[in-house]
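Heads up: the sequence shown at position 57 corresponds to 57 in the UniProt record's numbering, and the numbers run straight through without jumps. Glycine residues also receive a C-beta, built at the ideal position from the N, C-alpha and C atoms. Every value quoted in this text rests on a predicted model; they were computed, and no experiment measured them.
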Amino acid sequence: MDINEDENSSNLQSLKRLDFHEEASFDFLQSDSDVESELRKVIYKCLKKIGELHQSNGISSNEVQKAQKDCVLEYLHLKKHPALASILRRRTLEYNVNDLKTRLESSKKVKNLLNEEYHQIRQYRMDMEILNTELSERLKQQDTISRKGKKSYINKKVLQEKEDVSGSSVKLFTFLNEFLDNHYRELLEGPWSVSKLSANERKQTATIDKFANINQSEEVNELKHVLEELMNQATSSSPSFTKVTNEKILNFLLRSSLCIFDPRDPSLLKFVPFADEF
């Protein structure tokens, strides 16, 4: 089995060499070179033997060796001819030229692709620069709009709070005026000034009040003015003392623990800092 395998392997190698000679011979015959008829006869003879060997069903080792020997001798004889050498060199040269052309075409394609990518990258970079510029402008506009909106919102908020405070102040002063008008005497003279009087005393008091309405009105207005001044000073960052000349008003404010006085001048009052109390 090993001998047969070696023989078949040798036969295959021989056939490959013959095929190579056949290819070289065909190239030589198809060339435009003017060669001797004797050289052509040798080539045809070699080709004929190769064809017969391919067509035969069974090939003996002796026949293969003989054909191989004959073809090698004929090929060696043929190889000495300068025309064959030039053909083989031309084949090599043509192969190299074709290979270079293929590589050149491939290089051109690669170059074209690189150029396209380069232009795409440049275009992409330009687009990104334009987009970046537009984005910066939009951010500036948005920042301006946000600031204006925030400022407008703050202004509205301040105005709303101011209106709320003003409304509360109006309500407070309205209530305070009504309260002072209704309870003026009780505040300044104490609740006993009316409730503990007898019927005759109340009659006399009412009669006296008719003649004292003008003075009472002035006193009430003075109390309102003092309270308003004290409230305005209380909202200041550095509240100062307010001068109170009316003794009844002064005693009422001190008795109610609403105010403190200046030790150097007891007639100077200001509201107790209620925020500090909390």
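*Three-state secondary structure (DSSP) at T92?*
Position 92 of the sequence shown, counted from the first residue, corresponds to residue 92. If DSSP states are grouped into helix, strand and coil, T92 belongs with the helices.
*Straight-line gap, D262 to E218 (C-alpha atoms, nearest Å)*: In the sequence shown, residue 262 corresponds to position 262, counting from 1. In the sequence shown, residue 218 corresponds to position 218, counting from 1. Roughly 26 angstroms between the two C-alpha positions.
*Is K109 near the ligand SAM, with its Cβ less than 7 angstroms from a heavy atom?*
The ligand content of the structure shown is nil, which means the ligand SAM is not present either.
*Does the Cβ-Cβ distance between T245 and L269 come in under 8 angstroms?*
For the purposes of this step, residue 245 is identified with residue 245 of the sequence shown, where counting begins at 1. For the purposes of this step, residue 269 is identified with residue 269 of the sequence shown, where counting begins at 1. Not a contact, by the Cβ cut-off of 8 angstroms.
_Where F175 sits in the DSSP three-state scheme_ = Along the sequence shown, one-based indexing puts residue 175 at 175. Here F175 sits in helix by DSSP.
*What's the call for L253, buried or exposed, on a 16-neighbour Cβ count within 10 Å?*
Against the sequence shown, residue 253 aligns to sequence position 253. Looking at its Cβ environment, which holds 16 or more other Cβ atoms inside 10 Å, L253 is buried.
_At the level of alpha carbons, what is the spacing between S166 and S152?_
Counting from 1 along the sequence shown, the entry for residue 166 is found at position 166. Counting from 1 along the sequence shown, the entry for residue 152 is found at position 152. Cα to Cα, S166 sits roughly 20 angstroms from S152.
_For L253, report the span of its alpha helix (DSSP H) as first-last._
Position 253 of the sequence shown, counted from the first residue, corresponds to residue 253. 247-255 is the extent of the alpha helix (DSSP H) around L253.
*Does DSSP classify L135 as helix, strand or coil?*
As a working mapping, residue 135 is identified with position 135 in the sequence shown. L135 falls in the helix class under three-state DSSP.
*Under the rule that 16 or more other beta-carbon atoms within 10 Å means buried, what is L100, buried or exposed?*
By one-based count along the sequence shown, residue 100 stands at place 100. By the Cβ-count criterion, L100 is exposed, with fewer than 16 other Cβ atoms from all chains shown falling within 10 Å of its own Cβ.
*For the beta strand (DSSP E) holding P266, just list the boundary residues, first then last.*
Locating residue 266 in the sequence shown gives position 266, counting from the first residue. Its beta strand (DSSP E) spans residues 265-271.
*Under a Cβ-count criterion, where at least 16 other Cβ atoms within 10 Å of its own Cβ denotes burial, should L223 be classed as buried or exposed?*
Counted from its first residue, the sequence shown places residue 223 at position 223. Result: buried.
*For Q272, the nearest candidate out of Q233, T92, S146, L135 (CA to CA)*: As a position in the sequence shown, residue 272 is number 272, starting the count at 1. A quick correction: the sequence has Val, not Gln, at residue 272. In terms of CA proximity to V272, Q233 leads the group Q233, T92, S146, L135.
*Compute the Euclidean distance between the alpha carbons of M1 and K66, then round it to the nearest angstrom.*
For the purposes of this step, residue 1 is identified with residue 1 of the sequence shown, where counting begins at 1. For the purposes of this step, residue 66 is identified with residue 66 of the sequence shown, where counting begins at 1. Confidence in M1 is poor, its pLDDT being 46 and thus under 50, which makes the residue's placement too unreliable to answer from.
*Under a three-way DSSP split, which group does T235 fall into?*
In the sequence shown, residue 235 corresponds to position 235, counting from 1. It is coil, neither helix nor strand.
*Buried or exposed: I121, going by 16 or more other Cβ atoms within 10 Å of its Cβ?*
Position 121 of the sequence shown, counted from the start, is the residue given in the question as residue 121. Exposed.
*Look at the Cβ atom of L250, then the Cβ atom of S267, and state whether they are nearer than 8 angstroms.*
Locating residue 250 in the sequence shown gives position 250, counting from the first residue. Locating residue 267 in the sequence shown gives position 267, counting from the first residue. Contact flag set, yes.
_beta strand (DSSP E) segment containing residue 281, residue limits_ = Nothing about residue 281 can be reported from this structure: the residues present for the chain run from 1 to 278 only.
*Does the Cβ of V226 have 16 or more other Cβ atoms within 10 Å, making it buried, or fewer, making it exposed?*
Taking the first residue of the sequence shown as 1, we reach residue 226 at position 226. With 16 or more other Cβ atoms within 10 Å, it is buried.
*Measure the alpha-carbon distance for K48 versus Y95 and round it to whole angstroms.*
Looking up residue 48 in the sequence shown gives position 48. Looking up residue 95 in the sequence shown gives position 95. Each residue's alpha carbon lies about 28 angstroms from the other.
*Separation of E129 from D114, as counted between CA atoms*: One-based indexing of the sequence shown puts residue 114 at position 114. One-based indexing of the sequence shown puts residue 129 at position 129. Correcting the residue type first, residue 114 is Leu in the shown sequence and not Asp. Near 22 angstroms, if we compare the C-alpha coordinates of E129 and L114.
*If you draw a straight line from the alpha carbon of S146 to that of F175, how long is it in whole angstroms?*
For the purposes of this step, residue 146 is taken as the residue at position 146 of the sequence shown. For the purposes of this step, residue 175 is taken as the residue at position 175 of the sequence shown. Approximately 42 angstroms between the Cα atoms of the pair.
*Count the other CB atoms, across all protein chains shown, that sit within 10 Å of the CB of L135; report buried if there are 16 or more and exposed otherwise.*
For the purposes of this step, residue 135 is taken as the residue at position 135 of the sequence shown. L135 comes out exposed.
*Can you have a look at L73 and say buried or exposed, based on whether 16 or more other CB atoms are within 10 angstroms of its CB?*
Numbered from its first residue, the sequence shown carries residue 73 at position 73. It counts as exposed.
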